[in-house]
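Everything in the sequence shown is counted per this note's numbering, starting at 2 for the first residue and increasing by one. All residues carry an ideal CB built from backbone N, CA and C; glycine is no exception. Here's the structure we're looking at; comments come further down.
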Amino acid sequence: FQDQINQLIKNEKLVALDVGSKGGFNSDGYFSSKYNKFFESILVDPLNVHTNDNINKKMINKGLWSSKEKRKLYILNKRPESSSMFEPNKESLSIYGFKKKDVHLFETTETKLVECDTISSCLKDLNIKTLDYLKIDTQGAELEILKGIGNYQPLLIKIEAHFFSIYNEVPSWHKLINFLYDKNYVLIDWKGIGSHNTRIPAEADLIFIPNFNNHNGEKFIIENKAKFTSLMLIFGQLKLLQIFLLNLYFH
2 FQDQINQLIK NEKLVALDVG SKGGFNSDGY FSSKYNKFFE SILVDPLNVH
52 TNDNINKKMI NKGLWSSKEK RKLYILNKRP ESSSMFEPNK ESLSIYGFKK
102 KDVHLFETTE TKLVECDTIS SCLKDLNIKT LDYLKIDTQG AELEILKGIG
152 NYQPLLIKIE AHFFSIYNEV PSWHKLINFL YDKNYVLIDW KGIGSHNTRI
202 PAEADLIFIP NFNNHNGEKF IIENKAKFTS LMLIFGQLKL LQIFLLNLYF
252 H
């Protein structure tokens with residue numbers, strides 16, 4: 002769909018904030034890397050661990066939270082992608098299918114006090130007026146980070162949610178969904194992550210868009226139809242996009 006996206010947004014970029022971007026923008030390969038060129042990405046790197054490949058990208062060198070404060074980060078050097086603002090709970094690892102020999106991977110090797118700020122404050126510091134795509138994958142801190150979004154209204158949000166968390170005191174996943182529904186977003190897709198011993202995934206990537214079932218959500222989509230359509234194409238949401246077209250949301 003590269004030709005279609007070029008026609009839709011011309012030379013404009015989709016502004017993306019990637020929170021939990023170790024490895025760079027779209028490092029989890031959720032969508033094809035051929036679409037990365039359509040984004041102006043902003044990465045969050047509180048520990049300054051990004052490679053020189055990201056040297057020209059906009060960076061936020063702070064942690065993100067619901068307020069400006071210092072928070073303890075539990076660092077897992079044997080499994081750095083699992084470092085979190087919440088302390089690991091080794092007793093819950095069996096739900097994920099981990100064996101006893103894997104438990105040592107979740108040992109906290111060090112802790113650091115990280116300066117944190119809100120999404121809203123950090124984006125304003127970067128002179129970012131609008132945000133089109135928001136991705137948060139922060140091992141349990143997703144809800145607290147979302148609380149700092151302020152007046153920014155992404156057209157598509159990808160959030161990691163833990164149905165069974167391996168961290169202590171992580172808010173229940175339904176609070177994350179309720180928060181976004183109260184912000185007039187609706188869940189349209191989820192994909193399970195990793196192994197699990199339950200019938201449902203232990204954790205999943207959730208996709209939200211503005212709630213097209215009410216006037217405010219529909220109006221916001223129509224006002225941003227070129228960028229919204231581009232994001233839906235990139236994320237493979239073709240059937241839902243067809244429904245919008247058939248129902249004349251996009252006249």
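- Using a C-beta cut-off of 8 Å, the stretch 130-137 makes no contact with the stretch 169-178, since fewer than three inter-stretch Cβ pairs fall below that distance.
- At the C-beta level, PHE40 and LEU15 come within 7 Å of one another.
- ILE61: member of the beta strand (DSSP E) spanning 59-61, first to last residue.
- DSSP, read as helix, strand or coil, puts ILE76 in strand.
- Counting C-beta pairs closer than 8 Å gives fewer than three between the stretch 214-233 and the stretch 112-122, which falls short of the contact rule.
- Boundaries of the alpha helix (DSSP H) harbouring LEU247: 239-247, taken from the DSSP string.
- In the three-state scheme derived from DSSP, where H, G and I count as helix and E and B as strand, TYR97 is classed as helix.
- Pairing LEU135 with ILE158 gives a Cβ-Cβ distance under 7 Å.
- In the DSSP assignment, ASP4 falls within the unbroken alpha helix (DSSP H) covering 3-10.
- Taking 8 Å as the upper bound for CB-CB distance, MET86 and GLY141 are in contact here, some 7 Å apart.
- Membership of HIS175 in the alpha helix (DSSP H) is indicated by the continuous run 174-183.
- Looking at the DSSP output, THR112 bridges to TYR75.
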